[in-house]
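Chains C and F supply the protein sequences, listed in that same order.
At position 52 of the first sequence the residue is numbered 63 (this note's numbering), and the sequence of numbers has no breaks.
At position 43 of the second sequence the residue is numbered 54 (this note's numbering), and the sequence of numbers has no breaks.
Every residue gets a Cβ at the ideal spot worked out from N, C-alpha and C, and that includes glycine.
Keep in mind the model is a prediction, meaning the values are calculated, not measured.
Below you'll find the structure, written out as structure tokens, and then a few comments.
Protein chains: 2
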Amino acid sequence: MEIKLKVWLEQEGEVVAGDGKVRLLKLIERHGSIQKAAQENGMSYRHAWGAIRKMEMRSGLKLVETQAGGRAGGGARLTAPGRDFVACYGRFSDGLEEIIQKKFQETFREQKVTNAGKS
Amino acid sequence: MEIKLKVWLEQEGEVVAGDGKVRLLKLIERHGSIQKAAQENGMSYRHAWGAIRKMEMRSGLKLVETQAGGRAGGGARLTAPGRDFVACYGRFSDGLEEIIQKKFQETFREQKVTNAGKS
């Protein structure tokens, strides 16, 4: 058997973000475009935009700023709070999987349950 | 904002158990009855029985044994591997929430993001 883990942020009972939405923010920063970020994250532009709006409303943070038109033909980037948010989440996530796996191995190994069911 | 966590066990991509199913096993041990355990866990007897069968098939462990009839009018209890499984899961879960919350506070507090959005 193996242990699986899911973490996400909530504000007053509503989901703000988990790995998927933070990945979307990172992709916006990388590509400078919500369209390209959405595409790489396997979602529609409309879905991505809705997700960003919900994240912003629920967190109370302005995370993404857009520029319409201009030489670059418009674009998007993370605000300072947006970059902080992604950085915090990254530091939180870093090593979390390893902590969980270690605790799982330590607590389940004793009883030889971890490999039961595998022939 | 606050961090939320979900953990569960899988065997070859199939869910074996999480907090809910382990709670069901504990209730079977406490009540000596699948019927009473299911009721306290807010599920039907049929659903509970199906959940137990899936846990056993996927883990490769016989977890629950039943006695039909007799003076006690039948009943159910955990097998030795069933008790081990519950004990392992309990040791794994113990303190996990605290570890996650601590890591969250440490990584998010710096940026003052944790209380954003609360007026």
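Proximal residues of chain C, C-beta to C-beta of residue i below 9 Å
i: F:Val18; result: Ile14, Lys15, Leu16, Lys17, Ile111 and Phe115
Chain-ordered chain F contacts of residue i [CB-CB under 8 Å]
i: C:Leu107; result: Ile111 and Lys114
9 Å Cβ cut-off: residues of chain F touching residue i
i: C:Arg102; result: Lys114, Glu117, Thr118, Phe119 and Glu121
For residue i, the three-state DSSP class (helix, strand or coil)
i: F:Gly29; result: strand
i: C:Glu21; result: strand
i: C:Ala62; result: helix
i: F:Lys73; result: coil
i: F:Lys37; result: helix
Segment limits, alpha helix (DSSP H) that includes residue i
i: C:Gly43; result: Taken as a continuous stretch (DSSP letters only), C:Gly43 belongs to no alpha helix (DSSP H), as it is neither H nor E.
i: C:Leu107; result: Leu107 to Arg120
First and last residue of the uninterrupted beta strand (DSSP E) at residue i
i: F:Thr90; result: No beta strand (DSSP E) contains F:Thr90, which DSSP labels as neither H nor E.
Rounded distance between the beta-carbons of residue j and residue i, thought under 8 Å
i: F:Arg88; j: F:Gly43; result: 6 Å
i: F:Leu74; j: F:Ile63; result: 7 Å
i: C:Ile14; j: F:Val18; result: 6 Å
i: F:Met16; j: F:Glu117; result: The sequence given here has Leu at residue 16 of chain F, not Met. Incorrect: roughly 15 Å between the Cβ atoms, too far for contact.
i: F:Tyr100; j: F:Val33; result: 5 Å
CB contact check: residue i to chain D, cutoff 9 Å
i: F:Gly61; result: In the structure shown, chain D does not exist; the protein chains are C and F.
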